[in-house]
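Q: In the numbering used here, the protein residues as written are -3 to 129.
The beta-carbon is built from N, C-alpha and C at its ideal position, and this holds for glycine as well.
First, the structure itself, so that you have it in front of you.
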């Protein structure tokens, strides 16, 4: 085997290992991190009402973001659905409509992510209606 073939094989092996780490392992870790973020920010309003943030921002490293969007993945919807099921199991109530927003984060190393949550108020269409003079 020539030196070039050996180098190609080594690069291919590393590439496959990176793919396995990012797409087999990371989504599970990402879902777990979303759940932890939700659990960390619960607000107990009464014995029967626990409210959690409704807007979640997931920052993805460039490589991961590019690959997910290039393939047309529904990862945002899948993460939202998973988080909704988690909240339902725990009896949580959303502070408004649930959203999980994926963004590119060039400062994060490949295969990494960051999750943050906040309460995003729901704007009703009623607020935009003008009363007749």
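Between residue 79 and residue 94, which are expected to be in contact by the criterion C-beta below 8 Å, what is the C-beta distance as a whole number of angstroms?
A: By one-based count along the chain shown, residue 79 stands at place 83. By one-based count along the chain shown, residue 94 stands at place 98. With a Cβ gap of about 7 Å, residue 79 and residue 94 count as contacting.
Q: Residues in the same chain with beta-carbon distance under 8 Å from residue -1, minus the five sequence neighbours each way, listed in chain order, please.
A: Position 3 of the chain shown holds residue -1. Excluding positions up to five away in sequence, the list is empty.
Q: Once the 5 residues before and after residue 96 are set aside, which same chain residues still bring their CB inside 6 Å of it?
A: On the chain shown, position 100 is the one that residue 96 refers to. Excluding positions up to five away in sequence, the list reads 52, 72, 75 and 76.
Q: Quick check on this structure: which residue in 36, 116 and 102 has the alpha carbon closest to the alpha carbon of residue 60?
A: Position 64 of the chain shown, counted from the first residue, corresponds to residue 60. Cα-wise, what sits closest to residue 60 is 102.
Q: Mind checking which residues open and close the alpha helix (DSSP H) that includes residue 38?
A: Translated into the one-based positions of the chain shown, residue 38 becomes position 42. Residue 38 -> no alpha helix (DSSP H), and no H or E assigned at all.
Q: Could you pull the start and end residues of the beta strand (DSSP E) that residue 114 belongs to?
A: Taking the first residue of the chain shown as position 1, residue 114 is located at position 118. Looking at the DSSP string, the run of the beta strand (DSSP E) that includes residue 114 is 109 to 114.
Q: Ordered along the chain, which non-local residues of its own chain (more than five positions away) have a Cβ less than 8 Å from that of residue 41?
A: Stepping through the chain shown from its first residue, residue 41 is reached at position 45. Closer than 8 Å at Cβ, skipping near neighbours: 47.
Q: DSSP three-state call for residue 2: helix, strand or coil?
A: Translated into positions along the chain shown, residue 2 becomes position 6. It is helical.
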